[in-house]
Amino acid sequence: MKAAAGREPLPLYTRFLTGWGATTFGTGLMLPLTVAYLREALGLPTSGVSLYFALFAVAGLAVNPLAGRIGRIHGPGLPAIGATVLQAAGAAWLALADSMATTVPAACLSGAGTGAYYAVQTPLLTKVFGTSHLSRVLSGQHRVSALTVAVGALLGGQAVEHLGEGGYTLCVAANAASYLLYGVTLVGLRRAGGRPAGPGTHRADRGVPRADPGERSTALRDPVFRRLLLLQTALVVFGLAQVDAVVPAILRNAHLSVSAVSVVVACNTVGVIAFQGLALRVVDRIGYVAALTAAILVWVLAMAALTAAVLVPGTGVRLLLGALFGLVFAVGECLIAPSVQPLVTLAAPAARLESYAAATSLAHGLGAFVAPLVLLPVVDGGGVWSYLALQLGGYALALYALLSFRGRSVRRLAAPVLSKEAPWETRP
Numbered sequence: 035m036k037a038a039a040g041r042e043p044l045p046l047y048t049r050f051l052t053g054w055g056a057t058t059f060g061t062g063l064m065l066p067l068t069v070a071y072l073r074e075a076l077g078l079p080t081s082g083v084s085l086y087f088a089l090f091a092v093a094g095l096a097v098n099p100l101a102g103r104i105g106r107i108h109g110p111g112l113p114a115i116g117a118t119v120l121q122a123a124g125a126a127w128l129a130l131a132d133s134m135a136t137t138v139p140a141a142c143l144s145g146a147g148t149g150a151y152y153a154v155q156t157p158l159l160t161k162v163f164g165t166s167h168l169s170r171v172l173s174g175q176h177r178v179s180a181l182t183v184a185v186g187a188l189l190g191g192q193a194v195e196h197l198g199e200g201g202y203t204l205c206v207a208a209n210a211a212s213y214l215l216y217g218v219t220l221v222g223l224r225r226a227g228g229r230p231a232g233p234g235t236h237r238a239d240r241g242v243p244r245a246d247p248g249e250r251s252t253a254l255r256d257p258v259f260r261r262l263l264l265l266q267t268a269l270v271v272f273g274l275a276q277v278d279a280v281v282p283a284i285l286r287n288a289h290l291s292v293s294a295v296s297v298v299v300a301c302n303t304v305g306v307i308a309f310q311g312l313a314l315r316v317v318d319r320i321g322y323v324a325a326l327t328a329a330i331l332v333w334v335l336a337m338a339a340l341t342a343a344v345l346v347p348g349t350g351v352r353l354l355l356g357a358l359f360g361l362v363f364a365v366g367e368c369l370i371a372p373s374v375q376p377l378v379t380l381a382a383p384a385a386r387l388e389s390y391a392a393a394t395s396l397a398h399g400l401g402a403f404v405a406p407l408v409l410l411p412v413v414d415g416g417g418v419w420s421y422l423a424l425q426l427g428g429y430a431l432a433l434y435a436l437l438s439f440r441g442r443s444v445r446r447l448a449a450p451v452l453s454k455e456a457p458w459e460t461r462p
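All residue numbers for the sequence shown refer to my numbering, where the first residue is 35 and numbers rise by one.
Here it is in structure tokens:
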């Protein structure tokens, strides 16, 4: 498929990105504030803060399969809209919380909504925009997220600095409202796109026969798809989940100030905004698998910069190397964003897209939950060399999973379970 096809006008594209930008702006408001709000405004102990995030993650993992099943039966639009209602309810509950006990329902509602949404996001986008445009939509979504989260984070910090405890309440309430705004956007997309297509189908799959349910295996029993799940888990644990938690801890251990760490994070955000358009063109040209291979190799280079930032003397030099890490790491993120989910749509049987997408969401959630639990103790106990060794092992695992998936997928190309869109070896 020619890359130019991905540049065709998409009537609903701007509407979707506007709604998405609203909810990610709300997320950005709370990004630097959640822990401080729980500790300082609500007075929770460290164990209470950990419980909040644990309940958030567990609720998302628990609801994920149910949301995938609902999406398979009724179409992804309905559970996606319901997910925004759950997220808004959780944020509103948190705004009204006054003790540790009252944060428990807030964490469960917010986590359940997040898990439900990401279980059906890929089927939703393929139904609205078609498989051939999925990379473009995901790329735009990633860029908008980087911009709105960064702006939201800056404004959230200013709100608390100028308004005190009232600033926390304002940001939490604004976050709840942002979920509802996105829910309204999804309602509009669902209506504009017509009634949901049959389970596992989307605009790009019109006329493609659905697999016989009796002959289908579930996503987790699919030996080819398990390689893709392993790849996604490795990319999350050893990459995507680290910028917000693990990397700041490493830089703080290197005696960089909080403001210097924020500069490194900001460089990563600026890199995503600057490189995402170019990265999408690269993916269009070389294909999904080659782009993911390049992303892993780029992350190896980024790890070299991060290691040097810890080991070399001089605060200024460390900050410069940390900023370089943020920019280089962003290149890998930009290559990954438009590549993994399109592979899911091509590897999934036509009638099981919702189940397969829910499985990838589950893998992402598990990876995000595991990453700080595994890597932070390594950073604190073993130092930078232990961390680097673990990271390189993780990237080797990701590369093995990717190449194994590629080798096994070649033998499946003639099977009816793959979409009749272009196979993954061709241009997306």
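C-beta: ideal position from N, C-alpha, C; glycine also.
For residue i, name the three-state secondary structure that DSSP assigns.
{"i": "Ser438", "result": "helix"}
{"i": "Gly356", "result": "helix"}
{"i": "Val418", "result": "helix"}
{"i": "Ala210", "result": "helix"}
{"i": "Gln465", "result": "Residue 465 cannot be examined here, being either before or after the span of the chain that is shown, 35 to 462."}
{"i": "Leu44", "result": "coil"}
{"i": "Ala123", "result": "helix"}
{"i": "Ala131", "result": "coil"}
{"i": "Ala364", "result": "helix"}
{"i": "Val97", "result": "helix"}
{"i": "His398", "result": "helix"}
{"i": "Leu290", "result": "coil"}
{"i": "Ala371", "result": "coil"}
{"i": "Leu215", "result": "helix"}
{"i": "Pro475", "result": "Since the first residue shown for the chain is 35 and the last is 462, residue 475 is missing from the structure and cannot be characterised."}
{"i": "Pro113", "result": "helix"}
{"i": "Gly305", "result": "helix"}
{"i": "Leu312", "result": "helix"}
{"i": "Gly428", "result": "helix"}
{"i": "Leu67", "result": "coil"}
{"i": "Gly145", "result": "helix"}
{"i": "Gly200", "result": "helix"}
{"i": "Gly164", "result": "coil"}
{"i": "Gly348", "result": "coil"}
Where do the N-terminal and C-terminal ends of the alpha helix (DSSP H) with residue i fall, by residue?
{"i": "Phe59", "result": "Tyr47 to Met64"}
{"i": "Val334", "result": "Tyr322 to Leu345"}
{"i": "Ser169", "result": "Leu168 to Leu197"}
{"i": "Leu78", "result": "First-last for Leu78: undefined, no H or E at that position."}
{"i": "Val374", "result": "Val374 to Ala381"}
{"i": "Lys267", "result": "According to the sequence shown, residue 267 is Thr rather than Lys. Its alpha helix (DSSP H) spans residues Pro257 to Leu269."}
Cα separation between residue i and residue j?
{"i": "Ala471", "j": "Arg177", "result": "Residue 471 is absent from the structure shown; the chain starts at 35 and stops at 462."}
{"i": "Gly174", "j": "Thr48", "result": "10 Å"}
{"i": "Leu269", "j": "Val378", "result": "15 Å"}
{"i": "Leu254", "j": "Ala391", "result": "11 Å"}
{"i": "Gly145", "j": "Gly94", "result": "5 Å"}
{"i": "Ala141", "j": "Arg106", "result": "26 Å"}
{"i": "His289", "j": "Gly360", "result": "17 Å"}
{"i": "Ala357", "j": "Val281", "result": "12 Å"}
{"i": "Leu380", "j": "Phe259", "result": "10 Å"}
{"i": "His236", "j": "Pro157", "result": "Since pLDDT at His236 reaches only 42, below the 50 mark, its modelled position is unreliable, and the value read off the structure follows with that caveat. Distance between the alpha carbons of His236 and Pro157: 8 Å."}
{"i": "Arg315", "j": "Phe50", "result": "21 Å"}
{"i": "Asp414", "j": "Leu285", "result": "12 Å"}
{"i": "Pro383", "j": "Ala70", "result": "45 Å"}
{"i": "Ala300", "j": "Thr165", "result": "32 Å"}
{"i": "Tyr434", "j": "Glu367", "result": "19 Å"}
{"i": "Leu274", "j": "Val306", "result": "12 Å"}
{"i": "Thr394", "j": "Tyr421", "result": "26 Å"}
{"i": "Leu407", "j": "Thr182", "result": "28 Å"}
{"i": "Ala261", "j": "Gly124", "result": "According to the sequence displayed, residue 261 carries Arg and not Ala. Going from the Cα of Arg261 to the Cα of Gly124 covers about 34 Å."}
{"i": "Leu265", "j": "Gly198", "result": "43 Å"}
{"i": "Leu355", "j": "Leu67", "result": "27 Å"}
Would you say residue i lies against chain C (beta-carbon separation less than 7 Å)?
{"i": "Ala300", "result": "No chain C appears in the structure shown, which is made up of a single protein chain."}
- Message: Would you call the region 101 to 114 in contact with the region 136 to 154, where contact means no fewer than 3 C-beta pairs closer than 8 Å?
- Response: Cβ pair count under 8 Å is three or more, so yes.
Evaluate contact between the region 189 to 209 and the region 60 to 80, counting only Cβ atoms and requiring at least three cross-stretch pairs below 8 Å.
yes
With three or more beta-carbon pairs closer than 8 Å as the criterion, would you say the region 183 to 195 touches the region 134 to 143? At 8 Å Cβ cutoff, the stretches do not touch.
Answer yes if the region 59 to 68 comes into contact with the region 217 to 224, meaning at least three C-beta pairs across the two stretches below 8 Å, and no otherwise. A contact between stretches requires three or more CB pairs, one per stretch, nearer than 8 Å, and the region 217 to 224 fails this requirement with the region 59 to 68.
message = With three or more C-beta pairs closer than 8 Å as the rule, is the region 285 to 296 touching the region 425 to 438?
response = No: the two stretches stay apart, fewer than three of their Cβ pairs being nearer than 8 Å.
Does the region 361 to 368 come into contact with the region 330 to 344, if we say contact requires no fewer than three beta-carbon pairs (one atom in each stretch) closer than 8 Å?
yes
Count the C-beta pairs between the region 115 to 134 and the region 339 to 354 that are closer than 8 Å, then say yes if the count reaches three, no if not.
no
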